[in-house]
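Asker:
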Amino acid sequence: MKKASFIIALMLAMVGCSGETEESSVLVSDLVNPVQAENTEEKVEEKVEEKVETPKLPETAIEDNRVETEIKKEIVIVEEKRTQPMEIHVYSTEVPWDESLEKLESDLAIEEGKEFASINAALSSAIEGDTIIVHEGLYREMLNIKKDNITIKAAEDEYVLISGNELIEGFVPDKERPGVYIADVPSNYKTTTLPFSQVFANGAVQDMARFPNLTMDDMMMPIEEGGGYGEITKIYKDAGTLEANIEFSHEELPDVDLTGGIFRGIIGKNREYALGAVVATEGKKVTFTGTNSAWNHTNAVGLKAYGFGYGFVTHKNLIDIPGEWYVDGGKIYYMPDGEIRDLEVEMQVRANVLQMNNVDNTVLENLNFVAGSALIKSSNNSIIEGCTFRYLKPFYMLNGYGMSDSAQTGVYIENSDNNTFKDTYLGHTWGTGFYIAGGDGNKFYNCIMEDIGWIGTFTAGIYSSGDNTHIEDCTFRDNGRFQIRVDKDIKIDVLHSTFERAMKLGEDAGPLEFTSTGKIAPLDLKGSEIAYNQVFDLRGIPVSSGGKPRQFVVAFYMEDVNNYTAHHNLVYDMEAPVYTEGFLKGFEGDNIFLYMGPRYNQMTKPVNYYNNTAWDYVRNINVWNIEIANHAELVAGGLKQEGNTGSLDNGHFANNLFNEGPFSLSWYTQNLKPTGGKIANVPNPDASWKNITTDSMEEYFEHGEKIGYFFNPENNMMLDLETGAENYMNADNGDFRLTEDSPAKGAGIPIEGITSSDTPDLGALEGSDYVLSAGAKLKVRDFKEIR
818 MKKASFIIAL
828 MLAMVGCSGE
838 TEESSVLVSD
848 LVNPVQAENT
858 EEKVEEKVEE
868 KVETPKLPET
878 AIEDNRVETE
888 IKKEIVIVEE
898 KRTQPMEIHV
908 YSTEVPWDES
918 LEKLESDLAI
928 EEGKEFASIN
938 AALSSAIEGD
948 TIIVHEGLYR
958 EMLNIKKDNI
968 TIKAAEDEYV
978 LISGNELIEG
988 FVPDKERPGV
998 YIADVPSNYK
1008 TTTLPFSQVF
1018 ANGAVQDMAR
1028 FPNLTMDDMM
1038 MPIEEGGGYG
1048 EITKIYKDAG
1058 TLEANIEFSH
1068 EELPDVDLTG
1078 GIFRGIIGKN
1088 REYALGAVVA
1098 TEGKKVTFTG
1108 TNSAWNHTNA
1118 VGLKAYGFGY
1128 GFVTHKNLID
1138 IPGEWYVDGG
1148 KIYYMPDGEI
1158 RDLEVEMQVR
1168 ANVLQMNNVD
1178 NTVLENLNFV
1188 AGSALIKSSN
1198 NSIIEGCTFR
1208 YLKPFYMLNG
1218 YGMSDSAQTG
1228 VYIENSDNNT
1238 FKDTYLGHTW
1248 GTGFYIAGGD
1258 GNKFYNCIME
1268 DIGWIGTFTA
1278 GIYSSGDNTH
1288 IEDCTFRDNG
1298 RFQIRVDKDI
1308 KIDVLHSTFE
1318 RAMKLGEDAG
1328 PLEFTSTGKI
1338 APLDLKGSEI
1348 AYNQVFDLRG
1358 IPVSSGGKPR
1368 QFVVAFYMED
1378 VNNYTAHHNL
1388 VYDMEAPVYT
1398 EGFLKGFEGD
1408 NIFLYMGPRY
1418 NQMTKPVNYY
1428 NNTAWDYVRN
1438 INVWNIEIAN
1448 HAELVAGGLK
1458 QEGNTGSLDN
1468 GHFANNLFNE
1478 GPFSLSWYTQ
1488 NLKPTGGKIA
1498 NVPNPDASWK
1508 NITTDSMEEY
1518 FEHGEKIGYF
1528 FNPENNMMLD
1538 LETGAENYMN
1548 ADNGDFRLTE
1558 DSPAKGAGIP
1568 IEGITSSDTP
1578 DLGALEGSDY
1588 VLSAGAKLKV
1598 RDFKEIR
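What follows is the structure in structure tokens.
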């Protein structure tokens, strides 16, 4: 708390026999700490003018020799302004995991401005350059940083938790639902700012009630029993109505009223996934009104459009196993696992737990955030180190499916430059991870991004439209869809990182997802480098769209992308599943090392693939070319692209190790909109010869040159699947060092700045085994509130 000095100016005007006036003043000051007094500037307000009047008095008053005068008093408060930085300490009044550490506010030296019970209170008192030391405990507040040059860090070896939750009190048995307890939601929970919530018991997240039940510790296993999804069929919608219908294939829904509940369906391609309000249920059937754009229309959807899918329903009347909850009508319904009196139950009430707006040089160290997102806007040169972000976003309804629909569901960074995230963990959320909207020079070192994107639509561990993004020594694992997503012309370097189990809730994409999004112009990566990374354990899930099953995932999804170099990357364990029973019997997934687009885009800048190793997948390279039938019309309307078809003008593929498998190029002809959207396919029998699918790498590259695809291949090698593993030390366990007798040893060409000798090995382990150590070395800390 700031100190103040008080100047009391008491001005007395007295009228004597001579009629003269006289001023007098009295100075009263409180004691100032002599240490702090050296660092203060005292500002004295201007002098108060006194107005003295000599009243006209009746003669009787003169005779009584009494004179009345007006005396004015003015109290001026002048605050000291501290100019030298200092340490400010914050102590928690709530430490659920160790009550002996709790400190009463009355014990804090708040009057000295050095100790606080709230981080935000300390921030209000802070000046630029201050360091706020936060001591062990739980802080139920949104950290709101508005000042430059502030450091906020946990005290050494102390656990600090900043939470968007509030405690729930007053649980009583629900008479209508055996085993369920009911209570009012906290008074500061508002559905206008947070339509859905999350619930925790003794620090552990609990499950929103659903059918089928979620009984495994994984939110993204829709085809597994216990994964919280059921297989659905008979998917249709009649014309002229908003109501759609599905049926669960195996189990009937409970015979309870589910009206007003929510249906979530993984149906078709990602843009076709369903969200809706339940209208009626009967047996295995659910009727719902679609709330997202793919289903909120009156068009008919025939039974043949979607053969199958996966879905769940959520409603308070579905609470039937311990740990399930539901919030409805200002009440929370909860079935505890054990005695309710033994549990500390809390729910998310704040949408955000961190906000930085228009600030520079912020440092956050070893802080743990839970149950809330983060907003960082117009903030530069900050360091976030040793922090964790968990359970950032509860379930949410969205109208579309794109990245922007989920932009502010994780750590949102807008128009901010040169911020560094180091040794930081982000995980467990329905929404996205880091979303960089514009800005320049943001960096990530030794970070873990995992268990992200439970909603199933477009989310990513890191999305960036900010130039000069740098990602190094990071681990990405268990994502509903992408792990890195780029759709703007930026430079982004991705180095020595691992990408594991992407695409757990979809298909037709991959962990590294770079795309022009369909505009007529390729994406320019400005010389980006993608190097020494591992991509593995990539499967996706089967979906049904257009009346047929699909399961297509890609390690390097580089659609319409040029001006980059990918080298020394290791891709493996992508074996496509083969289904032997049920409606998928005989279906096999389609997993690919590299998809390039480029559709109708001329890729005139370099596309370099050097010394990459790829093993255990289905197809090698896939090109989708589109010839623009109405190109002259579009040019007349302002289109700048001179060519009427896609191309690869400046490729260079050298020293790569592939496994045997098809290479394909598909040639389509279409009329396009000026923005690149398809109007219609156009018959073009004269171009049919340009299509190719072949197992011969040489034939593919030679064919490509005839139609404008210049891979410029040198010293690449394919290994057969039956014996090729013998070239590696231990391919089954990810050790892809070459054996001494492998023909890939010394078989490469030297590439300046890439290879390490004049006779380099082929593949990702050329020169060293550096790629085998890719990924974060960060150890995820124990979260003490979980007890």
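Number 1208 in our numbering belongs to position 391 of the sequence shown; there are no gaps in the numbering.
In this text, a Cβ means the ideal position worked out from N, Cα and C, and glycines have one as well.
#1: So, using beta-carbon positions, are M1266 and F1299 closer together than 8 Å?
#2: Our contact map puts D1377 next to N1418 with C-beta atoms below 8 Å; I'd like the distance itself, whole angstroms only.
#3: Per DSSP, what are the beta-bridge partners of I1265 in this structure?
#4: Report the CB separation of G1128 from G1085 in whole angstroms; it is logged as a contact under 8 Å.
#5: For the segment 1543-1556 and the segment 1475-1485, state whether three or more C-beta atom pairs, one from each stretch, are separated by less than 8 Å.
#6: I need the straight-line Cα distance from F1553 to G1363, nearest angstrom please.
#7: Can you tell which of G1146, W1432, E1531, E1064 has its C-alpha closest to the C-alpha of V1352?
#8: Measure the alpha-carbon distance for I962 versus M1173 and round it to whole angstroms.
#9: Please say whether W1271 and G1244 have beta carbons closer to each other than 8 Å?
#10: I1149: which of A1393, V1424, I999, G1580 sits nearest, CA to CA?
#11: Go through the segment 1033-1096 residue by residue and report every complete run of the beta strand (DSSP E) that reaches 3 residues or more, in order.
#12: What is the DSSP secondary structure of F1527, counted as helix, strand or coil?
#13: Between which residues of its own chain and A926 is the CB-CB distance below 8 Å, once the five residues before and five after are set aside?
#14: Please tell me whether L1401 and P1359 are closer than 8 Å, where the distance is taken between their beta carbons.
#15: Mind checking which residues open and close the alpha helix (DSSP H) that includes H1448?
#16: Does DSSP put I779 in a helix, a strand or coil?
#17: From which residue to which residue does the beta strand (DSSP E) around N1437 run?
#18: Taking the alpha-carbon positions, what's the T1131 to G1551 distance?
#19: For a test of the three-state rule: what should DSSP assign to T1540, helix, strand or coil?
#20: Any idea if V951 is buried or exposed, counting beta-carbon neighbours within 10 angstroms, 16 or more meaning buried?
#21: Measure the C-alpha to C-alpha separation of P1560 and I1279 and round it to an integer number of angstroms.
#22: Quick test of your reading: G1478 and G1335, contact by CB under 8 Å. State the CB separation rounded to the nearest angstrom.
#23: Count the CB pairs spanning the segment 1108-1125 and the segment 1134-1141 that are closer than 8 Å, and state whether there are at least three.
#24: Considering only their Cβ atoms, is the gap separating S909 from Y976 smaller than 8 Å?
#25: Is it true that the CB of E1161 sits closer than 8 Å to the CB of L984?
#26: Does the distance from the C-beta atom of L1342 to that of Y1381 stay below 8 Å?
#27: Smallest Cα separation from T1249: which of E1330, C1264, Y1229, G1255?
#28: Just verifying my parser: in three-state terms, what is the DSSP assignment at G1584?
#29: Terminal residues of the continuous beta strand (DSSP E) containing L955?
#30: Looking only at its own chain, which residues have a Cβ that is under 6 Å from the Cβ of D1177, when we skip the five neighbours before and after it?
#31: Given a cut-off of 8 Å on the beta-carbon distance, is the pair L1059 and G1044 in contact?
#32: Leaving out five residues before and five after N1498 in sequence, what residues of the same chain have Cβ atoms less than 6 Å from its Cβ?
#33: Taking the Cβ atom as the reference point for each residue, do H1385 and N1428 lie within a distance shorter than 8 Å?
#34: Using 10 angstroms around the beta-carbon of M1033, count the other beta-carbons present and answer buried if the total reaches 16, otherwise exposed.
#35: Would you please state the rounded distance, in angstroms, between the beta carbons of Q1165 and Q1015? I believe it to be under 8 Å.
#36: For the structure I just gave you, are there three or more beta carbon pairs, one from the segment 1409-1426 and one from the segment 1458-1472, closer than 8 Å?
Answerer: Reading it off the structure:
#1: No, they are not a contact pair.
#2: Sure, about 4 Å apart at Cβ, within 8 Å.
#3: Y1242, T1292
#4: So it is not a contact: roughly 12 Å between Cβ atoms.
#5: no
#6: Rounded to whole angstroms, F1553 to G1363 spans 40 Å at the Cα level.
#7: W1432
#8: 5 Å
#9: no
#10: I999
#11: 1047-1054, 1060-1065, 1079-1084
#12: coil
#13: E932
#14: yes
#15: 1448-1453
#16: Nothing about residue 779 can be read from this structure; the chain reaches only from 818 to 1604.
#17: Per DSSP, N1437 belongs to the beta strand (DSSP E) from 1436-1445.
#18: 41 Å
#19: coil
#20: buried
#21: Rounded to the nearest angstrom, the two C-alpha atoms are 38 Å apart.
#22: Rounded, the Cβ-Cβ distance is 28 Å, inconsistent with contact.
#23: no
#24: Taking C-beta atoms as the reference points, Y976 and S909 fail to come closer than 8 Å.
#25: yes
#26: yes
#27: Y1229
#28: coil
#29: 954-957
#30: D965, N1197, N1198
#31: With respect to the 8 Å criterion, L1059 and G1044 are not classified as neighbours on the basis of their beta carbons.
#32: Q1487
#33: yes
#34: exposed
#35: 5 Å
#36: yes
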